[in-house]
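Sequential numbering from 257 applies to the sequence shown in the numbering used here.
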Amino acid sequence: MDILHFYSIPLHTHNISPINTHTLNTPSSHTLNTNMKTQSNNPLLLIKLLTLHSLLVLSASQDFDFFYFVQQWPGSFCDTRHGCCYPGTGKPASDFGIHGLWPNRKDGSYPSNCDSSNPFDASKISDLMSQMKSDWPTLSCPSSEGLTFWGHEWDKHGTCSESVLDQHGYFSTALNLKTQINLLQALESAGIHPNGSEYSLTSIRDAVKEASGYTPWIECNTDSSGNSQLYQIYLCVDSSGSGFVECPVFPTGSCGSSIEFPSF
Ligand code: AMP
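Rendered as structure tokens:
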């Protein structure tokens, strides 16, 4: 019998919806065992079946196609009507900070909160703590050290890429990606400064493309007076987290054609 027909399930894992290995449409272990018993006089076939089973479980548990790597301008988080609170370590640097590394699908949808059995555990990233505090600063209120923010990012997004990156890998990958593109320098080299002036959306996009080689997506929000401003910059990363790629799809939403870049 043809091995794929033995399983009679499609190999197009992108069509398998939401990630959850517990509900994966693989043959039940009962079916597998029964079939294995009948085939057990053929050791080569048994090995092939076991390998195929592992491959199917592995590939199907990666229910995303790429990551959005999202960096945030702290001035635009803080000057909204909600305001912000600095962490105990004081005012973060006047630089873009990481918001998150978000698994996403080519159709624009994304998995979230994929594994409650693997909650955020700060002890797994103790060696990254000083870099986390400087490059992934928390700004929400009440003031905290960042564990709540990082825990939210791991629980909501990180657990959906755990087949590729464990907790330490998830955070160290994001920290490493930040070192590969200096967004503030990219903007300042193009004459775009965080001084409250307005800049064209195109000039911001072009400056990041010039520095990174990839077209970013720009997200805006509004300050407490209702002005549209540069809030977050998205770049895409391949599904193993190893480098930037062109975005297969951009998020939806829009900025004005001219946006403010507030100070921080
Ligand atoms: P997400 O669910 O990953 O899209 O992140 C959105 C949540 O992250 C919201 O609750 C935001 O208030 C929070 N958030 C965004 N930026 C920060 C930040 N710099 N510090 C703390 N919380 C943040």
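No residue lacks a Cβ here, since even glycine has one placed at the ideal position from N, Cα and C.
- In terms of side-chain proximity, the C-beta atom of T336 is found no nearer than 6 Å to any non-hydrogen atom of ligand 1.
- Counting C-beta pairs with one atom in each stretch, the segment 447-459 and the segment 336-344 have fewer than three that are closer than 8 Å, which means they do not touch.
- Put simply, the residues with a CB less than 7 Å from any heavy atom of ligand 1 are Q328, P330, F333, G353, H355, G356, W358, P393, T394, L395, S396, F405, H408, E409, K412, H413, in chain order.
- For the pair C511 and T478, the Cα-to-Cα distance works out to about 10 Å.
- For T458, the enclosing alpha helix (DSSP H) has its first and last residue at 457-468.
- A direct Cα-Cα distance of roughly 6 Å separates N369 from H413.
- The residue among S519, S498, N483 with its C-alpha nearest the C-alpha of K434 is S498.
- In terms of Cβ geometry, L431 and D351 do not form a close pair [threshold 7 Å].
- Cβ-Cβ separation between G407 and M388: approximately 12 Å, too far for a contact (criterion under 8 Å).
- Annotated three-state conformation of H424 is helix, per DSSP.
- Distance check between T471 and each of L486, L491, S459 places L491 closest, using alpha-carbon atoms only.
- For C334, the enclosing alpha helix (DSSP H) starts and ends at 330-334.
- Counting along the chain, no alpha helix (DSSP H) covers W473; the unbroken beta strand (DSSP E) around it starts and ends at 473-478.
- P393 places its beta carbon 7 Å or farther from that of G331.
- Our two residues, R361 and W410, have alpha carbons roughly 18 Å apart in a direct line.
- G407: not part of any beta strand (DSSP E); member of the alpha helix (DSSP H) spanning 403-412, first to last residue.
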